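Below you'll find the structure, written out as structure tokens, and then a few comments.
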Amino acid sequence: YDFIVVGGGTAGSVVAARLTENPNWSVLVLEAGVTNEGVVLSEAPLLVTEMLTHPIWSWNYSTVVQSGLNGRVIPYQRAHILGGCSAHNGMFYTRGSADDFDRYAEVTGDPGWSWDRLLPYFFKNERWTEPADHHDTRGQFNPLVHSTTGKTAVSLAGYRWPAGSRVLQTTRELPDEFPFNLDTNSGSPLGVGWLQETIGGGERSSAATSYLSPEVQQRPNLHILLNARVFKLLANKSIDPVTFHGVQFSHNQSPSLSTVMASKEIVLSGGTIGSAQILMNSGVGNKTDLDGLGIPVLLDLPSVGQNVSDHCAAVITWAVNSTETTDEIGQNATRMNEAFAEWNSTRTGPLSTIGITHVGWKRLDMSSDIFRQFKDPSAGPRTPHVELKFSAGALGGAQPGHFFAINVGAVSPMSRKGVHQAQHQRPTGPPLIDPGLLRSRFDVLTLREGIKMAQKFVTAPVWKGYIIEQTTPDLENTTTDSALEQYIRNTGSTSSHLVGSAGMSARNAGHGVVNPDLLLKGGAGLRVIDASVLPFVPSAHTQAAVYAVAERGSQLIKEAWS
């Protein structure tokens with residue numbers, strides 16, 4: 016093969032599709048997971064919460080003990096399916112702030128990673144689509160910052176939950192604290208606006224459905240091998256620089272390993288956890304750690320697996336005086352059967368979207384005492400510290416009743432940690448995943464202030480008579496800041512937005528894993544293209560950024576070999 020793509024996830028699917036546009040290049044995709052075809056729990060947007068409970072579509076990872084979460088170990092969702100996390104995530108299409116990308120350009124010394132220069136790659140990915148219910152979307156988004164000609168469908172919610180109209184009314188009643196933002200994907204996300212989702216025609220649009228369509232999969236120069244787990248990359252150490260040329264993998268859990276060679280490049284798209292683990296197994300990483308694991312060292316790159324960051328989140332819930340919530344569908348079999356029948360026949364109704372149709376992005380008060388203790392870690396003045404996800408139903412709660420919930424996320428975190436290879440289980444066992452959630456007190460304070468914002472949000476007059484009472488356990492009688500902080504540490508969890516384990520840095524930098532062209536530092540023949548290359552987590556769900564990285568990465572490969 017000319018190219019081997021390790022991982023058929025969000026980024027790998029893009030790279031495979033783009034490289035095989037050249038009929039003279041042969042591409043092999045090695046994907047550890049299963050097919051996405053016919054997986055209804057992935058296709059029907061509202062059923063994603065059900066999908067996440069099934070082990071077949073997940074790696075079933077857990078973190079190491081999280082000291083910032085009062086010693087808890089938490090599950091860590093990573094997809095085990097063609098299309099990767101785009102096939103089993105919450106479908107949020109949130110680009111982040113222009114500042115996020117301008118900071119990438121600054122730290123890499125490559126203006127190609129700036130917002131203005133990356134916007135065409137967002138457009139190459141995005142195919143703006145009308146919502147499933149065909150409602151009039153004027154005043155709900157700005158068409159000037161969207162593309163109708165890309166691959167992945169993006170739309171507004173195709174079903175109206177009554178909570179959504181109350182969220183919008185709050186922006187009129189409390190406009191100073193919660194101003195309406197016509198389009199939070201313009202590069203200036205601050206405010207409250209309509210959520211944009213990777214949904215088209217009432218169905219999830221994933222990297223697998225949008226880039227690896229049946230037509231693309233029939234290209235004679237593209238081969239996709241599922242259930243193919245890559246263990247290590249092979250390189251010629253006698254050449255300077257170390258040149259990667261092969262991949263060792265097992266197929267269908269076979270104990271025997273197969274080897275396949277690439278004549279041009281290997282593209283590592285295993286995600287923030289998978290890519291770091293494969294690099295370390297291949298002898299690329301911190302020499303001291305690799306020596307301790309008994310792995311022969313190919314390249315001493317101490318940054319491999321380090322500097323990862325994620326978004327920590329906490330939830331606050333209220334009982335509501337309405338049966339039109341996602342809880343009704345989850346708890347009432349008759350209602351679920353009706354909703355599924357509607358979706359199955361017309362791709363409309365409550366299953367055609369998720370329970371979150373609006374989202375808010377807020378900065379902390381820059382005059383707050385917090386910034387006497389901490390330097391602002393956000394990328395700039397257009398960048399939020401807090402995300403507010405407004406849900407027409409309980410989030411992850413199994414208690415009977417009907418609810419409104421706000422998921423509060425710390426989206427400009429200070430906490431950093433790493434992904435490491437476990438000594439005793441190399442190379443087949445799970446890695447040691449340490450997102451370092453709430454290691455920095457700044458992130459705790461961010462969530463504390465975010466919960467106060469959420470509580471303020473529901474004081475708008477429109478919620479009177481709709482909200483009955485706050486029902487979050489451990490939070491009803493919490494009045495002091497210290498009690499609120501304990502609640503956050505006791506209940507906070509991951510948003511599964513891990514980035515940074517193979518971070519980009521400037522070409523001459525002494526740290527980092529890849530150069531701005533995504534080629535491995537000190538090596539040849541190997542590029543990393545996935546969320547792991549982002550040196551900071553964007554102030555947004557990571558899916559859109561990963562698509563843009565994959566589109567630009569594909570273009571960089573084309574330019575290098577044309």
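Quick note on numbering: the working numbering labels position 62 of the sequence shown as 77, and the sequence is numbered without any gaps.
C-beta atoms are modelled at their ideal positions from N, C-alpha and C, and glycine is treated no differently.
Since we're looking at a predicted model, the values are computed, not measured.
- Two segments are said to touch when three or more pairs of C-beta atoms, one from each, lie closer than 8 Å; by this definition the region 269-283 does not touch the region 467-487.
- Going by C-alpha positions, L197 is about 7 Å away from G154.
- Annotated as distal: H266 and L237, with beta-carbon spacing of 8 Å or more.
- With contacts defined by Cβ atoms closer than 8 Å, R463 and L499 form a contacting pair.
- Annotation for P311: G298 place their beta carbon closer than 7 Å to its own, counting only its chain and skipping 5 residues before and after.
- Under DSSP, A243 takes part in a beta bridge, and its partners are H266.
- Within the region 130-173, the runs of beta strand (DSSP E) that reach at least 3 residues and sit entirely inside it are, in chain order, 141-143 and 167-171.
- Fewer than three pairs of CB atoms, one per stretch, sit closer than 8 Å, so the region 209-219 makes no contact with the region 21-33.
- DSSP places W358 in the helix class (H, G or I) of the three-state scheme.
- Annotated as distal: V160 and R142, with beta-carbon spacing of 8 Å or more.
- Counting only residues of its own chain and dropping the five nearest sequence neighbours on each side, A178 has a CB closer than 6 Å to the CB of A407 and F419.
- In terms of Cα proximity to T123, the closest of Y76, R522 and G537 is R522.
- In the DSSP annotation of this structure, K404 is not part of any alpha helix (DSSP H); the continuous beta strand (DSSP E) holding it starts and ends at V401 to S406.
- Per the coordinates, the alpha-carbon of V231 lies some 29 Å from the alpha-carbon of A291.
- In the structure shown, N352 adopts helical secondary structure according to DSSP, grouped into three states.
- Between the beta-carbon of G173 and that of S367 there is about 5 Å, and that keeps the pair under the 8 Å contact cut.
- DSSP places G433 within a strand segment (E or B) once states are collapsed to three.
- In this structure, DSSP gives M106 a state outside helix and strand, which the three-state scheme calls coil.
- With fewer than 16 other CB atoms across the displayed protein chains lying within 10 angstroms of its CB, K390 is exposed.
- Here DSSP, grouped into helix, strand and coil, assigns K479 to strand.
- By the beta-carbon neighbour count (other beta carbons within 10 angstroms, threshold 16), S520 is buried.
- A straight-line Cα-Cα distance of about 44 Å links K404 and D17.
- Where I448 is concerned, the enclosing beta strand (DSSP E) starts and stops at L447 to D449.
- DSSP places Y562 within a helical segment (H, G or I) once states are collapsed to three.
- Taking 4 residues as the shortest admissible run, the region 19-70 contains the following complete alpha helix (DSSP H) segments, listed from N- to C-terminal end: 25-34, 55-58 and 63-66.
- A Cβ-Cβ separation of about 14 Å leaves G525 out of contact with P550 under the 8 Å criterion.
- In terms of Cβ geometry, P415 and Q346 form a close pair [threshold 8 Å].
- In the structure shown, D315 falls within a strand segment according to DSSP collapsed to helix, strand and coil.
- By the beta-carbon neighbour count (other beta carbons within 10 angstroms, threshold 16), K252 is exposed.
- With at least 16 other beta carbons inside 10 angstroms of its own, M106 counts as buried.
- Considering only S569, L45, Q92 and V88, the residue with the shortest C-alpha distance to T64 is Q92.
- When DSSP assignments are scanned along the region 188-214, the uninterrupted stretches of beta strand (DSSP E) that are 3 or more residues long and fall wholly within it turn out to be 206-209.
- Only residues of its own chain outside the window of five on either side were considered, and among them Q485 have a CB closer than 7 Å to the CB of E491, listed in chain order.
- Taking 8 Å as the cut-off, the beta carbon of H373 is found no closer than this to the beta carbon of G261.
- Within the model, the alpha-carbon separation for Q321 versus T78 is close to 15 Å.
- A residue is called buried when at least 16 other Cβ atoms come within 10 angstroms of its Cβ; L45 meets this threshold and is buried.
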